[in-house]
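Okay, so the sequence shown: first residue is 3 according to our numbering, each after it adds one.
For every residue, glycine included, the Cβ atom is placed at its ideal position computed from N, Cα and C.
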Amino acid sequence: MKQSFKTSKLYYGFPIFILGYQDQNFGHNITTCSSSYSLGDWLVIGVGAEENAAEQIKHYQKFTVNIPDENLMLEMEQAGFISHREKLERLGVHYEISERTQAPILEDCPVVLDCQVDRIVEKEGICHIFAKIVERLVDPELLDEKGHFKNDRFAPIYFMGDGHQRVYRYLDKRVDIKGSFIKKARKKDGKN
Ligand SMILES: Cc1cc2nc3c(=O)[nH]c(=O)nc-3n(C[C@H](O)[C@H](O)[C@H](O)COP(=O)(O)O)c2cc1C
3 MKQSFKTSKL
13 YYGFPIFILG
23 YQDQNFGHNI
33 TTCSSSYSLG
43 DWLVIGVGAE
53 ENAAEQIKHY
63 QKFTVNIPDE
73 NLMLEMEQAG
83 FISHREKLER
93 LGVHYEISER
103 TQAPILEDCP
113 VVLDCQVDRI
123 VEKEGICHIF
133 AKIVERLVDP
143 ELLDEKGHFK
153 NDRFAPIYFM
163 GDGHQRVYRY
173 LDKRVDIKGS
183 FIKKARKKDG
193 KN
């Protein structure tokens, strides 16, 4: 039988991303996040209302989602600890400015999404930001000759834990194609 578990939070594995946005005080800026889901062209992220990222995204209505891998751990953590300060120059992060959203595109993040805000629902100190993905950018090494995403070559970092301790988790190389287990089970049952 399962045990009831009391904790203030339970993050069961969310990919870390670095928000890039225009900043009224510093020109451009970044903030580390992990709260998101994506469905089709939609992306919903959760940002604390007190954070500079929330204030700036409310103002400009555009942002980038920069998805780092293990190579950017230090900068990713620092961008998640420093608040209401300029971070791009301070952390020496290389970037260019998106033509579509005027938000920073981080060079060292293999996958980047350009996003346009549709609406923001603010509740109990959290801004739920509903956005449309207007462009998806990836390092060319992540695309095969047909232009399809090479899933096994990209390993985002996952954020996991409870109110007691939160940790980073890394992906290993195992990949299964969707439906392969159903196919195997059908074969075992003598069905095609
Ligand atoms: C791994 C990690 C994940 C985080 N996830 C979120 C998140 O999903 N939403 C959020 O509002 N803050 C999140 N934070 C905290 C912010 O990054 C942190 O409060 C930051 O200093 C805010 O900066 P700003 O005020 O300059 O925007 C996370 C931090 C780390 C290190």
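Relative to the alpha-carbon of Phe65, which residue among Glu91, Ile135, Phe16, Ser85 has its alpha-carbon at the smallest distance?
Checked all of Glu91, Ile135, Phe16, Ser85; the closest Cα to Phe65 is Ile135.
Starting from the C-beta of Leu74, find all residues in its chain whose C-beta is less than 6 Å away, skip the five residues before and the five after it, and write them out in chain order.
Asp110
Quick one, which of Thr33, His86, Arg188 has its alpha-carbon nearest Asn27's?
His86
With DSSP as the reference, please indicate the residues paired to Tyr170 in a beta bridge.
Bridge pairing for Tyr170: Phe161 [DSSP].
Tyr97 burial status per 10 Å Cβ neighbour count (16 or more: buried):
buried
CB of Phe161 to nearest heavy atom of ligand 1: below 6 Å?
True, at least one ligand heavy atom lies under 6 Å from that Cβ.
Measure the C-alpha to C-alpha separation of Val67 and Gly192 and round it to an integer number of angstroms.
In this structure, the alpha-carbon of Val67 lies about 46 Å from that of Gly192.
What residues come near ligand 1, if near means a beta carbon less than 6 Å from any of its heavy atoms?
Per the Cβ criterion, the list is Ile18, Thr33, Thr34, Cys35, Ser36, Ser37, Gly48, Val49, Gly50, Glu53, Asn54, Ala55, Glu79, Gly82, Phe83, Ile84, Ser85, His86, Phe161.
Exposure of Asn54, with buried meaning 16 or more beta-carbon neighbours within 10 Å
Answer is buried; the Cβ neighbour count reaches 16.
Quick one: give me the first and last residue of the beta strand (DSSP E) that Lys2 is part of.
The chain is shown only over 3 to 194; residue 2 falls outside these bounds and no answer can be derived.
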